[in-house]
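Following: one structure in structure tokens, then a few remarks.
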Amino acid sequence: MIEVMTDMTKKMFLSVAVMMLGFGLTACQSGQTTTDSTDNSGDSSTSRNFVIDTINKSLAEVSYSPNNQGWEYKATAVPAADFQKWATSNKALIEEALSKIDTDYVLQVTGHTCSIGPRDRQADGRLGNLYYSKARAQQVLAALKNAGIPTDKMSVAGVADDEPARGVDAKDQLNRRVTFKIVPKAK
1 MIEVMTDMTK
11 KMFLSVAVMM
21 LGFGLTACQS
31 GQTTTDSTDN
41 SGDSSTSRNF
51 VIDTINKSLA
61 EVSYSPNNQG
71 WEYKATAVPA
81 ADFQKWATSN
91 KALIEEALSK
101 IDTDYVLQVT
111 GHTCSIGPRD
121 RQADGRLGNL
131 YYSKARAQQV
141 LAALKNAGIP
151 TDKMSVAGVA
161 DDEPARGVDA
171 KDQLNRRVTF
181 KIVPKAK
């Protein structure tokens with residue numbers, strides 16, 4: 001029941017954010033009635049930053065991990081049935097975010113780990129948390145594509161344990177998740 005309410009809250013928050021963006025952009029555009037050749041690129045940049053910030057606030061409420069429990073240690077596979085359930089609740093939000101970004105930005109699918117284990121690949125060949133975090137992001141990107149979500153405006157990143165979940169111990173399994181954020185496209 002709480003999970004359903006959380007999904008409904010996410011959807012309502014995104015809907016309100018999208019409406020605010022629409023009204024804000026309409027107001028900004030209708031207010032620009034200058035007839036001289038003054039450069040208004042700062043206004044455009046400010047408006048774009050506002051849109052991205054608003055989308056990212058909505059996306060900050062969305063993450064994926066198997067069964068909402070975090071991946072098992074060193075695991076990267078995305079369970080199909082679990083992801084399908086997640087996608088049903090979050091597909092519209094992801095697609096809406098993708099529809100609002102221009103060609104200079106991408107939706108970054110970011111993998112995370114807990115702080116257990118080494119960060120980098122070890123001399124003895126053991127893989128580190130950077131590997132596992134990126135592999136999780138790649139697996140979620142593939143699952144998004146399989147769910148029918150266009151991935152041409154997406155990228156993947158792995159940040160290991162650099163960005164722990166708020167209020168969660170760094171070693172906790174809940175840190176093993178994938179998050180979403182609009183970022184500038186790599187040049």
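Position one of the sequence shown corresponds to residue 1 (the UniProt record's numbering), numbered consecutively onward. Think of the CB as a built atom: it goes at the ideal place given N, C-alpha and C, for glycine as much as any other residue.
Counting the other Cβ atoms within 10 Å of the Cβ of G148 gives fewer than 16, which makes it exposed.
The Cβ atoms of S155 and V78 do not sit closer than 7 Å to each other.
The continuous beta strand (DSSP E) containing A157 extends over residues 154-158. Residues G70, A165, V168 of the same chain have their beta carbon placed closer than 6 Å to that of L174, with the five preceding and five following residues left out of the count.
If you ignore the 5 residues before and after T179, its C-beta comes within less than 6 Å of the C-beta of S63, T110, all in its own chain and listed in chain order. In this structure, D104 sits near K185, with a CB-CB distance shorter than 7 Å. Nearest Cα to K145 within the set E95, R48, P66: E95. Residue state for T179 is assigned as strand, using DSSP reduced to three classes. Bounds of the alpha helix (DSSP H) holding L141 are 129-146. With contacts defined as CB atoms closer than 7 Å, G158 and A137 qualify as a contacting pair. Less than 7 Å divides the Cβ of S115 from the Cβ of K171. One thing to note: K181 has its Cβ within 7 Å of the Cβ of N56. DSSP places P164 in the coil class of the three-state scheme, outside both helix and strand. L107 has M154, I182 as its beta-bridge partners, per DSSP. Contact check for R119 against L127 fails: the beta carbons are separated by 7 Å or more.
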